[in-house]
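Take a look at the structure below.
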Amino acid sequence: MPPLGPPAPFPDSELPGLDRRSRPLSEAWRRGAALVAVGHSDCETSRLTLPFVDRIHRQAAPAGTVVAVLQDEAVDAQALVDELGLDMPVRLEAVPYPLAARLGLATVPTLYLVDVRGRIERVSEGFRRADVEAFAARLGVPAPLFEPGDDAPALRPG
Numbered sequence: 006m007p008p009l010g011p012p013a014p015f016p017d018s019e020l021p022g023l024d025r026r027s028r029p030l031s032e033a034w035r036r037g038a039a040l041v042a043v044g045h046s047d048c049e050t051s052r053l054t055l056p057f058v059d060r061i062h063r064q065a066a067p068a069g070t071v072v073a074v075l076q077d078e079a080v081d082a083q084a085l086v087d088e089l090g091l092d093m094p095v096r097l098e099a100v101p102y103p104l105a106a107r108l109g110l111a112t113v114p115t116l117y118l119v120d121v122r123g124r125i126e127r128v129s130e131g132f133r134r135a136d137v138e139a140f141a142a143r144l145g146v147p148a149p150l151f152e153p154g155d156d157a158p159a160l161r162p163g
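First residue of the sequence shown: 6, per this note's numbering; consecutive thereafter.
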């Protein structure tokens, strides 16, 4: 299946959080644009990307919503959240990764900007600094997102 991109609807899925309660992903874009970051704890590029996505979450709330979907067991996802000091909501996707299949996901991390109607506005695979800055701007985060000393290359494939 080819990957979903603009203006396709983002597949709504019920996914559990770290608290094991399932919620629809559509909660994220109910009041405005949302950034959905799909990643995995064993992926170094996900580990690079997620702290910057979390920075967007901390600065965008309540104007924009950010949610991470981790393709991990709860214990591994919680360890990653603790290690990286993440504050954003986390949902879990278990094998065989049905959401990823519906998205046509080819790599992690992949970031999706979803509008209030649930349509994909923009997609970015791997870490692309310019895309992360564009997502932040779209969610109302003032520039600059990146700070001196951040280890944020222009590009790192997933």
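Glycine residues also receive a C-beta, built at the ideal position from the N, C-alpha and C atoms. Keep in mind it's a predicted model, so treat the numbers as computed, not measured.
- Message: In the DSSP assignment, the alpha helix (DSSP H) including alanine 73 goes from what residue to what residue?
- Response: Unbroken run through alanine 73 is the beta strand (DSSP E), 70-75; no alpha helix (DSSP H).
- Message: Below 8 angstroms, how does it come out for the stretch 54-67 and the stretch 100-117: are there three or more Cβ pairs, yes or no?
- Response: yes
- Query: Based on the DSSP secondary-structure assignment, which residues constitute the bridge partners of serine 27?
  - Reply: Pro21
- From this set, Arg134, Gly123, Arg63, which residue's C-alpha is nearest proline 29's C-alpha? Gly123
- Three-state secondary structure (DSSP) at threonine 112? coil
- Query: DSSP three-state call for phenylalanine 140: helix, strand or coil?
  - Reply: helix
- Evaluate contact between the stretch 84-99 and the stretch 20-36, counting only Cβ atoms and requiring at least three cross-stretch pairs below 8 angstroms. yes
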